[in-house]
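A quick write-up on the structure given underneath.
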Amino acid sequence: MTRDTYRDIELAQLRRLEFVSFAEGTTLLLLLVIAVPLKHLYGWSTGVRFLGPIHGLAFCAYLWFTIQTVTGGGWRIREIVRVMLCAFIPFGAFFNHTLLSQKMASVRNDKKS
Numbered sequence: 001m002t003r004d005t006y007r008d009i010e011l012a013q014l015r016r017l018e019f020v021s022f023a024e025g026t027t028l029l030l031l032l033v034i035a036v037p038l039k040h041l042y043g044w045s046t047g048v049r050f051l052g053p054i055h056g057l058a059f060c061a062y063l064w065f066t067i068q069t070v071t072g073g074g075w076r077i078r079e080i081v082r083v084m085l086c087a088f089i090p091f092g093a094f095f096n097h098t099l100l101s102q103k104m105a106s107v108r109n110d111k112k113s
C-alpha cells in the first residue's frame, strides 16, 4: 500500500469516529433531556426503554471506533484519555469535534506535502 492509501484509511477512520461520537452524544442527550424526565415526571418509561438500548449500542460503537482509531498511531496519551473520558460526560462528544477536526486537518495537510 502506498503512503496516500494509509492516509486515506486514517482519514476515513477519523470521519467514522466523528460520526459515531456525534451519534453517541446525541443519544445520551436525548436520553437525559427527554426520556428520563418523562419517566420520572409522568411515569412514561417507553422513552427510556427505547432510547436506552440505542444509546448503549452507540456507546459501545464509540468505544470500539475509538480503540480502532487510536491504535493506528499518532495519538498522544492526553488525547486518548480525553476522547475516552468525553464518552462519559454529557456534551463530551461535542467537545471531541474540535480535536477530531484538527486530526483530520493534520492528515489532509500531510497528504498534500
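Each residue of the sequence shown is one higher than the one before, counting from 1 in full-length UniProt numbering. For glycine and all other residues, C-beta sits at the position ideal for the given N, C-alpha and C.
Practice prompt. Label Leu17 either buried or exposed according to how many other C-beta atoms from any shown protein chain fall within 10 Å of its C-beta, with 16 as the threshold for buried.
Written response: For the purposes of this step, residue 17 is taken as residue 17 along the sequence shown, with counting starting at 1. By the 10 Å Cβ count, Leu17 comes out buried.
Worksheet item: Trp75 to Thr66, Cα distance in whole Å?
Response: Walking along the sequence shown from the start, residue 75 turns up at place 75. Walking along the sequence shown from the start, residue 66 turns up at place 66. Spanning the two alpha carbons is a distance of roughly 11 angstroms.
Practice prompt. Classify Trp64 as helix, strand or coil using the three-state DSSP reduction.
Written response: Within the sequence shown, the letter at position 64 stands for residue 64. In the three-state DSSP reduction, Trp64 falls in the helix class (H, G or I).
Discussion item. Do Leu51 and Thr27 have their beta-carbon atoms positioned less than 8 angstroms apart in this structure?
Written reply: Position 27 of the sequence shown, counting from 1, holds the residue named residue 27. Position 51 of the sequence shown, counting from 1, holds the residue named residue 51. Yes, the pair counts as a contact, with Cβ atoms nearer than the cut-off.
Worksheet item: What are the start and end residues of the alpha helix (DSSP H) that includes Gly43?
Response: Taking the first residue of the sequence shown as position 1, residue 43 is located at position 43. Looking at the DSSP string, Gly43 is not in any alpha helix (DSSP H), and its letter there is neither H nor E.
Worksheet item: What three-state label does DSSP hand Phe19 in the structure shown?
Response: Along the sequence shown, read from residue 1 onward, the residue named residue 19 stands at position 19. The DSSP-derived three-state label of Phe19 is helix.
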